[in-house]
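Colleague:
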């Protein structure tokens, strides 16, 4: 898949704001376990937490359910965070080589924040990756943030549903 240019990233961020009210978001990240019949002598490489054998499809999805980047073939036993860190996408995000534009001001604010991707609790918090606040006893601001992040993040789950 071609790497988006700065204009495309900005357009993706605009759509995340318009559709999901989440600013400066350039993609929703998630992993999908694809059930397989384990190859002979593979041991537990493909065995996952769902108690099936699988390969993992890691995908970055835009606000309109389009796949921007994918990584296919990680063993089912690997975590989403581990798969991301060993993928081309994760490497590119870490070293800043995928044309992500500088941050923009938040709507109605003078605060300039970076462009980010959103993921679930299975991913680490990074300067380029936001995840929900952990825990159940959160104040209202954190609950609202988690709700808004979840709305933006769900496009990746929905894209997998459309794909099936």
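Numbering (the UniProt record's numbering), first residue to last: 1 to 164. Beta carbons: idealized from backbone N, C-alpha and C, even for Gly.
Taking the alpha-carbon positions, what's the residue 6 to residue 12 distance?
Modeller: 10 Å
Colleague: Can you name the start and end residues of the beta strand (DSSP E) that residue 69 belongs to?
Modeller: 67 to 75
Colleague: Thinking C-alpha only, which one of 146, 161 and 163 is nearest residue 22?
Modeller: 146
Colleague: With a 10 Å radius around its C-beta and 16 neighbouring C-beta atoms as the bar for buried, classify residue 153 as buried or exposed.
Modeller: buried
Colleague: Alpha carbons only, please: which of 59, 76 and 31 is nearest the one belonging to residue 42?
Modeller: 76
Colleague: Based on DSSP bridge pairs, tell me the residues matched to residue 105.
Modeller: 112
Colleague: Using a threshold of 8 Å, state whether the C-beta atoms of residue 120 and residue 62 are closer than that.
Modeller: no
Colleague: Using the rule of at least 16 other Cβ atoms within 10 Å of the residue's Cβ for burial, across every protein chain shown, is residue 68 buried or exposed?
Modeller: buried
Colleague: How long is the line joining the alpha carbons of residue 118 and residue 110, rounded to whole angstroms?
Modeller: 22 Å
Colleague: Alpha carbon to alpha carbon, how far is residue 10 from residue 28? Give it in angstroms, no decimals.
Modeller: 14 Å
Colleague: Roughly how many angstroms lie between the CA atoms of residue 126 and residue 26, to the nearest whole one?
Modeller: 14 Å
Colleague: Roughly how many angstroms separate the alpha carbons of residue 32 and residue 141, rounded to a whole number?
Modeller: The C-alpha of residue 32 lies about 30 Å from the C-alpha of residue 141.
Colleague: Taking the C-alpha atoms as reference points, what is the distance between residue 71 and residue 108?
Modeller: 36 Å
Colleague: Just tell me which of 86, 99, 159 and 162 has its CA closest to the CA of residue 2.
Modeller: 99
Colleague: If you reduce the DSSP assignment to three classes, tell me which class residue 125 lands in.
Modeller: coil
Colleague: In whole angstroms, give me the CA-to-CA distance for residue 15 and residue 40.
Modeller: 45 Å
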